[in-house]
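Q: Numbering-wise (our numbering), the sequence shown opens with residue -1 and increments by one.
By construction, the Cβ of each residue, glycine as well, lies at the ideal position given by its N, Cα and C atoms.
Below is one structure. I have some questions about it.
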Amino acid sequence: MPVTPTDPLPDRTVDAVVIGGGAAGLNGALVLARSRRSVVVVDSGTPRNAPAEGVHGLLGLDGTPPDELLRRGREEVRRYGGTVVAGEVTSAVGSAGADPRFTVTLAGGGTVRARRVLVATGLRDVLPDVPGLARHWGRGVVHCPYCHGWEVRDEPIGVLAVGPASAHHALLFRQLTDDLVFFTRGTDLDADTRARFAARGIRVVDTPVTEVVSDGDAVTGVRLTDGEVVPRRVLAVATTMLARIDGLDGLGLPVEDLPGGMGRRLVAGLAGSTTVPGVWVAGNATDPTAQVGASAAAGALAGAHLNADLVTADADAALAAAS
Ligand SMILES: Cc1cc2nc3c(=O)[nH]c(=O)nc-3n(C[C@H](O)[C@H](O)[C@H](O)COP(=O)(O)OP(=O)(O)OC[C@H]3O[C@@H](n4cnc5c(N)ncnc54)[C@H](O)[C@@H]3O)c2cc1C
């Protein structure tokens, strides 16, 4: 989903640079631009939901293709004077102080100088290593009952377990189909959970999985080590969710592990504030559970708080100049 068209990089210091132009970054930029802040969004064009056909569960926009939603978002940011640049940030460094300054460098060497930074780089989903799985990601292989659950309702669904949280994942998908198979894949499943699954009509397969079988385009089943193929049209799987932090080391943002080995996130507090003065974080980079609506809302809130910080800095500077 390349960012086209792309704007030229400004050669003056801007109020804010937004790293990442998904729902979080664009909504942050929209709020900043509408606050008459000079803002540059740098986006590498690989949003998390790129494989999905539509964005679901988003009021008023349900089913909109992800690239269409972002295209409209970029247009809205530009309408208020914001700049959107196609590119990948490869380094970001800041200077300390009450009114800090940052330099963000893009692959290819271009730079943006900014007074504040909003990090909205999203996360990377790492799939379990099952042959044949990855090529169906976002279509026949899904993770989120709220994103594509309705679309796969009543289908024969299989849950490929990755750990303890997969049992709950299975109950969520059971809400969507009567035909659910849980492949334990060597993970523990206690007697109580087995009883609950039996009561809900969920079949449990303990035989190890060797591969996902397809007819080319679509998932058709799951092959086991004993050769049996369990027919399935859809597979649900939890991913390891890793905040995208490549190139951001220089900002010194704290990173923490998510519980249960689910991944890692950038640590942020109220409205996306961080322990690094002048830097905010929004969306999946800090909240892996946020869907598009929640990510956009977080970006908007972070943008407002970032503007509030600049307002204070501007007043301090005006006072210093006047006295
Ligand atoms: C298959 C799938 C389907 C989904 N379907 C739905 C759905 O139906 N409804 C829903 O609400 N949610 C859905 N989601 C969740 C949705 O993808 C996220 O909620 C949303 O993308 C988070 O927005 P974000 O702005 O935080 O991150 P992203 O949308 O991932 O945007 C981050 C942006 O930052 C850019 N970036 C990263 N690093 C850099 C860098 N160093 N320099 C420059 N740019 C960078 C990326 O290219 C990307 O464009 C789905 C997720 C998946 C995986």
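1) Name the one or two DSSP bridge partners that ILE155 has.
2) Starting from LEU104, follow its DSSP beta bridges and name the residues at the other end.
3) Span of the alpha helix (DSSP H) holding ALA112?
4) With distances taken between CB atoms, is the gap from GLY217 to ARG201 smaller than 8 Å?
5) Kindly indicate which three-state DSSP category SER271 falls into: helix, strand or coil?
6) PRO63: beta carbon under 7 Å from a heavy atom of ligand 1?
7) Between the C-alpha atoms of GLU226 and LEU158, what's the straight-line distance to the nearest angstrom?
8) So LEU68 and GLY19 are supposed to be a Cβ contact under 8 Å. How far apart are they, rounded?
9) Residues bridged to GLU254 by DSSP?
10) Once the 5 residues before and after SER271 are set aside, which same chain residues still bring their CB inside 7 Å of it?
11) Decide if the segment 33 to 48 is in contact with the segment 90 to 99; the criterion is three or more beta carbon pairs, one per stretch, under 8 Å apart.
12) Apply the 10 Å Cβ neighbour rule to ARG113 and answer buried if 16 or more other Cβ atoms are within range, or exposed otherwise.
13) Less than 7 Å between the CB of VAL277 and some heavy atom of ligand 1, yes or no?
14) Below 7 Å, is the gap between the Cβ of GLU153 and the nearest heavy atom of ligand 1?
15) Can you have a look at ASP123 and say buried or exposed, based on whether 16 or more other CB atoms are within 10 angstroms of its CB?
16) Go ahead and label ASP190 buried or exposed: buried means 16 or more other beta carbons lie within 10 angstroms of its beta carbon, across all protein chains shown.
17) In or out: ARG10 buried (at least 16 other Cβ within 10 Å) or exposed?
18) Does the beta carbon of MET17 fall short of 7 Å from some heavy atom of ligand 1?
19) Return the CA-CA distance between ASP322 and VAL75, expressed in angstroms with no decimal places.
20) Which one of THR62, GLY58, GLY52, GLY108 has the shortest CA to CA distance from VAL40?
21) Classify GLU74 as helix, strand or coil using the three-state DSSP reduction.
22) Quick one: residues in its chain with C-beta nearer than 6 Å to the C-beta of GLY291, no 5 flanking neighbours on either side, listed in chain order?
23) SER164 lies in the beta strand (DSSP E); which residues open and close that run?
24) Would ALA241 and HIS141 be called neighbours here (beta carbons separated by less than 8 Å)?
25) Alpha carbon to alpha carbon, what distance is there between ARG172 and ALA197?
26) Tell me the residue span of the beta strand (DSSP E) that contains ASP60.
27) Nearest to GLU153 by alpha carbon, out of THR175, PRO143, ARG221?
28) For LEU67, which of helix, strand or coil comes out of DSSP?
29) Going by other Cβ atoms of all chains shown within 10 Å of its Cβ, with 16 needed for buried, is VAL309 buried or exposed?
A: Here's the rundown:
1) Per DSSP, the beta-bridge partners of ILE155 are LEU178, VAL232.
2) Per the DSSP secondary-structure output, LEU104 pairs in a beta bridge with VAL87.
3) For ALA112, there is no enclosing alpha helix (DSSP H); the residue is part of the beta strand (DSSP E) that begins and ends at 109 to 117.
4) The question names Gly, but residue 217 is Val in the sequence shown. No, Cβ-Cβ distance for VAL217 and ARG201 is not below 8 Å.
5) SER271: strand per DSSP, three-state reduction.
6) Distances between the C-beta of PRO63 and the heavy atoms of ligand 1 are all 7 Å or more.
7) Approximately 16 Å, taken between the alpha carbons.
8) Rounded, the Cβ-Cβ distance is 7 Å, consistent with contact.
9) Bridge partners of GLU254: ARG263.
10) Hits under 7 Å: TRP278, HIS303.
11) With the cut-off at 8 Å, the segment 33 to 48 and the segment 90 to 99 do not touch.
12) With 16 or more Cβ atoms within 10 Å of its Cβ, ARG113 is classed as buried.
13) No - ligand 1 has no heavy atom lying nearer than 7 Å to the Cβ of VAL277.
14) The answer is no for GLU153.
15) So ASP123 counts as buried.
16) Result: exposed.
17) Here ARG10 is exposed: its Cβ has fewer than 16 other Cβ atoms, across all protein chains shown, within 10 Å.
18) For the record, residue 17 in the displayed sequence is Ile; it is not Met. Under cutoff, so the answer is yes.
19) Residue 322 lies beyond the range of the chain shown here (-1 to 321); nothing can be said about it.
20) Considering only THR62, GLY58, GLY52, GLY108, the residue with the shortest C-alpha distance to VAL40 is GLY108.
21) Of the three classes helix, strand and coil, the one that applies to GLU74 here is helix, per DSSP.
22) Excluding residues up to 5 positions away in sequence, LEU56 lie with their Cβ nearer than 6 Å to the Cβ of GLY291 in the same chain.
23) The continuous stretches of beta strand (DSSP E) do not include SER164, which lies in the alpha helix (DSSP H) extending over residues 164 to 172.
24) No, the Cβ-Cβ distance between ALA241 and HIS141 is not below 8 Å.
25) Note on geometry: alpha-carbon atoms of ALA197 and ARG172 lie some 12 Å from one another.
26) Counting along the chain, no beta strand (DSSP E) covers ASP60, and no H or E run does either.
27) Among THR175, PRO143, ARG221, the Cα nearest to that of GLU153 is on THR175.
28) LEU67: helix per DSSP, three-state reduction.
29) With fewer than 16 Cβ atoms within 10 Å of its Cβ, VAL309 is classed as exposed.
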